[in-house]
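Data block below; observations after.
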Amino acid sequence: MALTSQAPVAHASMTRAQGIALATIGLAQFGIATDFSTVYVAMPTISTDLGMDPAMLQWLMTAYSLPFAGFLLFGGKVVDRVGAVRVFIMGSAAFGVASLLAGVAAADWIVVAGRALQGLAGAFLSPAILALLSVNFPTGPLRSKAYATWGAVGASGLAAGVILGGLFTEVTWRLVFLINIPIVLSCIWGARKMADTAHLDPARARVPAVSTTLGTAATVLVVLTLTLVGDSSADLVWLVAVAVAAVLALAAFMINERHSVTPLVDRQLRKIKNLRRGALAAALYMSSVGTEFFIVTLFVQEQRGFSPLAAGMAFLPMAALTTVGNVLAGRLLKAWTAPVVLILGFGLSAAGLLMLTAMLTVESFWIGLLPGFLISGLSHGMVFTAVFVLGNTGVPGALSGAAGVLLAAATMRSRRSHPNVTDSARAPQS
Numbered sequence: 017m018a019l020t021s022q023a024p025v026a027h028a029s030m031t032r033a034q035g036i037a038l039a040t041i042g043l044a045q046f047g048i049a050t051d052f053s054t055v056y057v058a059m060p061t062i063s064t065d066l067g068m069d070p071a072m073l074q075w076l077m078t079a080y081s082l083p084f085a086g087f088l089l090f091g092g093k094v095v096d097r098v099g100a101v102r103v104f105i106m107g108s109a110a111f112g113v114a115s116l117l118a119g120v121a122a123a124d125w126i127v128v129a130g131r132a133l134q135g136l137a138g139a140f141l142s143p144a145i146l147a148l149l150s151v152n153f154p155t156g157p158l159r160s161k162a163y164a165t166w167g168a169v170g171a172s173g174l175a176a177g178v179i180l181g182g183l184f185t186e187v188t189w190r191l192v193f194l195i196n197i198p199i200v201l202s203c204i205w206g207a208r209k210m211a212d213t214a215h216l217d218p219a220r221a222r223v224p225a226v227s228t229t230l231g232t233a234a235t236v237l238v239v240l241t242l243t244l245v246g247d248s249s250a251d252l253v254w255l256v257a258v259a260v261a262a263v264l265a266l267a268a269f270m271i272n273e274r275h276s277v278t279p280l281v282d283r284q285l286r287k288i289k290n291l292r293r294g295a296l297a298a299a300l301y302m303s304s305v306g307t308e309f310f311i312v313t314l315f316v317q318e319q320r321g322f323s324p325l326a327a328g329m330a331f332l333p334m335a336a337l338t339t340v341g342n343v344l345a346g347r348l349l350k351a352w353t354a355p356v357v358l359i360l361g362f363g364l365s366a367a368g369l370l371m372l373t374a375m376l377t378v379e380s381f382w383i384g385l386l387p388g389f390l391i392s393g394l395s396h397g398m399v400f401t402a403v404f405v406l407g408n409t410g411v412p413g414a415l416s417g418a419a420g421v422l423l424a425a426a427t428m429r430s431r432r433s434h435p436n437v438t439d440s441a442r443a444p445q446s
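Residue 17 is where the sequence shown starts when you use my numbering, and the numbers rise one by one after that.
See the structure below:
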């Protein structure tokens with residue numbers, strides 16, 4: 017494996033329009049990332065305030081994941097069909113309306129409905145973000161700089177969301193949702209300055225009804241199966257039925273993709289090795305080290321007795337080191353290839369998790385948790401940036417939306433395991 021990047025090192029500066037575009041894209045990504053993790057901190061308070069039973073509380077997260085994961089492939093196709101700017105604006109507006117609905121909810125089912133609408137909006141917004149990032153910045157040092165900056169706010173958003181969730185919950189949990197409204201308004205304003213994606217020819221960009229239906233059904237059923245597996249009260253017959261339906265839908269989707277004239281996943285994308293590697297790395301990241309935010313958040317609140325604010329502030333060092341990791345990754349990518357930076361980042365992630373696991377019984381935060389937090393934060397920033405730089409390398413601009421959605425789908429489907437994994441954090445310590 018070569019250590020030297022093929023891209024030449026050169027000094028590049030952004031135009032004013034590119035600066036506005038990057039700020040807008042970064043703000044949107046930050047909003048999506050923080051929204052996911054702030055809700056985790058607020059869940060106990062929301063449950064108490066609205067009288068949610070454990071089953072409904074589980075759906076507070078599942079309602080977001082199901083439409084997000086299920087409609088991501090369709091969202092990417094729509095981006096390639098009508099243009100990323102238009103989808104970005106509509107997705108941002110829908111996300112704001114959904115956040116308002118959840119923020120003013122007087123009943124638990126209304127909050128869950130708001131979360132479902134957020135997930136649906138995110139399924140269109142996420143691929144639009146990645147497509148706009150790709151088209152507004154050319155290949156080379158400028159793109160690496162843009163991805164490093166975008167990665168900093170994206171990865172930091174997961175950690176910062178835990179902090180903000182604690183701060184907001186001390187006032188009212190409703191702020192967890194309502195804070196999204198000024199964010200989406202700013203994103204809609206900034207979208208006017210961004211260059212749009214190139215359009216595919218009508219035949220190639222046509223949204224295939226059969227593939228879309230099968231792909232969405234397969235994804236929803238797979239995510240629902242994972243949800244039921246993690247629910248100890250789920251009916252076994254229902255679980256088996258959903259799992260069988262998921263397998264059948266997935267098989268039908270793959271057969272249709274192989275023979276369809278207009279597949280949902282463009283055949284040209286399937287041939288891009290870097291995209292496959294990036295998707296695999298994203299899935300491994302979120303299903304392993306990416307669960308750390310949520311496991312530790314529940315652990316410190318339910319086992320250590322931290323308040324939501326204290327739990328959030330405990331993540332401040334990790335959030336700071338995540339930003340440092342993003343900047344470091346941007347510099348390393350000028351000299352090394354993305355796979356090398358990924359390997360280094362995953363190695364540090366493993367070290368951080370091992371340190372946290374070994375020190376969980378130590379009561380002192382400074383000795384028991386802080387060292388692992390610092391190492392993990394640095395690694396999160398490095399991995400997050402390198403994954404998307406790798407996955408978008410060699411992708412044609414006209415297919416940037418579809419490529420982005422594959423990376424986002426790999427991340428989101430793996431992320432769905434978090435509520436199941438975090439059940440272990442609730443178990444009493446022996």
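Backbone N, C-alpha and C define an ideal beta-carbon position, used for all residues, glycine too.
Where arginine 286 is concerned, the enclosing alpha helix (DSSP H) starts and stops at 283-286. For the pair of segments examined, the region 77-96 was found to touch the region 134-142: the number of CB pairs separated by less than 8 angstroms reaches three.
Secondary structure of asparagine 152 (DSSP, three-state): helix. Beyond the five residues adjoining it in sequence on each side, leucine 66 comes within less than 6 angstroms, by CB distance, of Asp124 in the same chain, given in chain order. Under the three-state reduction of DSSP, glutamate 379 is assigned to coil, being neither helix nor strand. Judged by DSSP in its simplified three-state form, serine 202 adopts helix. The Cβ atoms of methionine 302 and threonine 427 sit closer than 8 angstroms to each other. Taking a contact to require three or more Cβ pairs closer than 8 angstroms, the region 177-193 and the region 113-132 qualify as touching.
Contact between the region 40-56 and the region 197-212 is present, with at least three C-beta pairs closer than 8 angstroms. Comparing alpha-carbon positions, the option among Leu244, Ala367, Gly346 lying closest to valine 357 turns out to be Gly346. The beta carbon of serine 108 is closer than 7 angstroms to those of Ala44, Leu141, Val200, Cys203, Ile204 in its chain, skipping five residues each way along the sequence. Taking the Cα of arginine 286 as reference, the smallest distance to any Cα among Lys209, Ser29, Val411 is reached at Val411. Residue environment: aspartate 251 is assigned as exposed (fewer than 16 neighbouring CB atoms within 10 Å of its CB, all protein chains considered). Counting only residues of its own chain and dropping the five nearest sequence neighbours on each side, alanine 354 has a CB closer than 6 angstroms to the CB of Ala402, Val405, Leu406.
Under the three-state reduction of DSSP output, leucine 370 falls in the helix class. Taking the CA atoms as reference points, glycine 156 sits about 46 angstroms from isoleucine 126. No Cβ-Cβ contact shorter than 8 angstroms links alanine 79 with valine 113. Between the region 172-185 and the region 331-348 there are three or more C-beta pairs closer than 8 angstroms, enough to call the two in contact. In summary, leucine 244 is buried, with 16 or more beta-carbon neighbours lying within 10 Å of its beta-carbon over all protein chains present. With fewer than 16 other CB atoms across the displayed protein chains lying within 10 angstroms of its CB, arginine 283 is exposed. In terms of Cβ geometry, leucine 38 and threonine 165 form a close pair [threshold 8 angstroms]. Here isoleucine 195 carries a coil assignment [DSSP, helix/strand/coil]. Assigned with DSSP and collapsed to three states, tryptophan 189 falls in coil, not helix or strand. Rounded to whole angstroms, the Cβ separation of valine 95 and proline 143 is 5 angstroms, and the two are in contact under 8 angstroms. For asparagine 290, the three-state secondary structure derived from DSSP is helix. The three-state reading of DSSP puts glycine 91 in helix, counting H, G and I together. Contact between glutamate 308 and leucine 369 holds, with the beta-carbon distance rounding to 6 angstroms and staying under 8 angstroms. By the Cβ test, the region 386-403 is in contact with the region 362-378, since at least three Cβ pairs between them sit closer than 8 angstroms. Taken through DSSP and simplified to helix, strand or coil, phenylalanine 362 comes out as helix.
The closest CA to that of alanine 261, considering only Val277, Leu237, Asn290, Phe322, is found on Leu237. A distance below 7 angstroms between beta-carbons, with the five flanking residues on each side excluded, links methionine 329 to the following residues of its chain, in chain order: Ile179, Gly182. Methionine 398: member of the alpha helix (DSSP H) spanning 386-407, first to last residue.
Around the CB of aspartate 51, 16 or more other CB atoms lie within 10 Å, so the residue is classed as buried. The Cβ atoms of threonine 313 and proline 224 do not sit closer than 8 angstroms to each other.
Within the same chain, Thr241, Leu244, Val245 come within 8 angstroms of leucine 255 by CB-CB distance, once the 5 residues on both sides are set aside.
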